[in-house]
Amino acid sequence: MGTPISLDIPHSLGKEAVRQRLDGGIQRITEKIPGGGAVQHRWDGDTMHFTVSAMGQTIASTATVFADKVHAVVDLPAFLGLFANQVKAAIEKEAPKLLK
Numbered sequence: 856m857g858t859p860i861s862l863d864i865p866h867s868l869g870k871e872a873v874r875q876r877l878d879g880g881i882q883r884i885t886e887k888i889p890g891g892g893a894v895q896h897r898w899d900g901d902t903m904h905f906t907v908s909a910m911g912q913t914i915a916s917t918a919t920v921f922a923d924k925v926h927a928v929v930d931l932p933a934f935l936g937l938f939a940n941q942v943k944a945a946i947e948k949e950a951p952k953l954l955k
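For the sequence shown, this note's numbering gives the first residue as 856, with consecutive numbering after it.
Spelled out as structure tokens, the structure:
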């Protein structure tokens, strides 16, 4: 069983601007992964579904865009669950930069 991380990232951009920034920023995730990785994403309404694959692990995530926030859910595989606090801290630090 995985370890889900759930957090809200506030913004004041409007939905379309947030979608554009998420589309533009999603590939930069691979730059943050030691050894590189692969990212795939698709939109379903206001929710972006994306997976990050690296080091033999796949992390499934969603980011739902609301008028004033993005609600993100990152489902860490059991192997990476030990790093949940570090992953959440990194997202809390980096995600707001994308939405400014």
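Beta carbons: idealized from backbone N, C-alpha and C, even for Gly.
As the crow flies, the alpha-carbon of Ser908 is around 24 Å from that of Leu954.
Inter-residue distance for Arg897 and Asn940 is about 26 Å (C-alpha atoms, whole angstroms).
DSSP places Asp930 in the strand class (E or B) of the three-state scheme. Distance check between Lys952 and each of Val873, Ser861, Val929 and Thr858 places Val873 closest, using alpha-carbon atoms only.
The continuous beta strand (DSSP E) containing Asp863 extends over residues Thr858 to Pro865. Secondary structure note for Ala944: it is in no beta strand (DSSP E), and the uninterrupted alpha helix (DSSP H) holding it is Ala939 to Leu953.
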